[in-house]
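Undergrad: Mind looking over this structure? Questions follow.
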Amino acid sequence: MITTNAARVQRTGLSPLLRGLGLALAAGLLLYSMTLPWWRIVLHAPQYPKGLQAVAYLTRLEGDVAEIDTLNHYIGMMRLDDAARLEKSLVPYVLPAFAALALLAIFLRGWWRWLAALPLILFPAAFAADLQAWLYIAGHTLDKRAPLSSSIKPFTPKLLGTGKIAQFATTASFEAGFWVALAAAVLAVVVLLQREPREGKGRRNG
């Protein structure tokens, strides 16, 4: 009769330490994205050989904002800084809260873990959807009293790629902040999809 010792068999999965490190890294990436630009639009026209650009961070705009606002005035378009005022004021509080929830997810299990990490995972998509909504609002609430309002019909500036606003060709793109936050979201999903390692005992044969 041959007897084998009881053996422990470990199922493959992600250890709690690696899971915690992955979610902590995702939270850190989300916070880091706050310091980076998220979206850019460049306006091209013969009179502006270098183009005019507006660069959107989560809390502010940079670039040729004053010049673009002056041009927008003639077609009755809102000032750039008037868009997403509420969102920009909430970001300094909301994003750290999302990162904290992702860290809390380290200590949770099952669907509670997913729910805690969900705001971080969905934020890049929410940003894109909110930006698209504001682009639509900006191009469909033109002031009819503007000097050149009769020369342009309501429109929606492009979220991505090339487009046209009046006599300007436009190029729009997501920037580093968006991609860093998207990487954080993907990392969180990958980590959460991994099973936890389990241990079992082998059978004793005789």
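Residue numbers (the numbering used here): 1101 to 1306.
Where a beta carbon is used, it is the ideal one built from N, C-alpha and C, also for glycine.
1) If you draw a straight line from the alpha carbon of Pro1146 to that of Gln1267, how long is it in whole angstroms?
2) For the segment 1149–1190, which segments carrying the alpha helix (DSSP H) assignment without a break, of at least 4 residues, lie completely within its bounds, in sequence order?
3) Which value, in whole angstroms, describes the spacing of the CA atoms of Val1289 and Pro1149?
4) How is Phe1268 classed by DSSP in three states: helix, strand or coil?
5) Have a look at Arg1108 and Glu1296 and give me their C-alpha separation to the nearest angstrom.
6) Does the Cβ-Cβ distance between Leu1152 and Glu1162 come in under 8 Å?
7) Excluding sequence positions up to five away, which residues of its chain have a Cβ less than 7 Å from the Cβ of Ile1221?
8) Counting only runs that start and end within the segment 1226–1283, where is the beta strand (DSSP E) found for 3 or more residues in a row?
9) With a Cβ-Cβ cutoff of 8 Å, do Leu1180 and Ala1154 count as a contact?
10) What's the C-alpha gap between Met1101 and Leu1292?
11) What whole-angstrom Cβ distance do Leu1130 and Leu1195 have, given they're in contact under 8 Å?
12) Report the rounded CA-to-CA distance for Gly1261 versus Leu1248, giving the unit in angstroms.
TA: Taking the definition as stated:
1) Computed Cα separation, rounded: 9 Å.
2) 1165–1175
3) 44 Å
4) Strand at Phe1268.
5) Here Arg1108 scores only 44 on pLDDT, less than 50, and its place in the model should not be relied on; the value that follows carries that caveat. Cα to Cα, Arg1108 sits roughly 16 Å from Glu1296.
6) At the C-beta level, Leu1152 and Glu1162 stay beyond 8 Å of one another.
7) Only residues of its own chain outside the window of five on either side were considered, and among them Ala1285, Ala1288, Val1289 have a CB closer than 7 Å to the CB of Ile1221, listed in chain order.
8) 1261–1265, 1268–1274
9) yes
10) Any reading at Met1101 must be qualified, since the residue scores a pLDDT of 42, below 50, and its modelled position is unreliable; the value itself is stated next. Looking at the two C-alpha atoms, the distance is approximately 46 Å.
11) 6 Å
12) 26 Å
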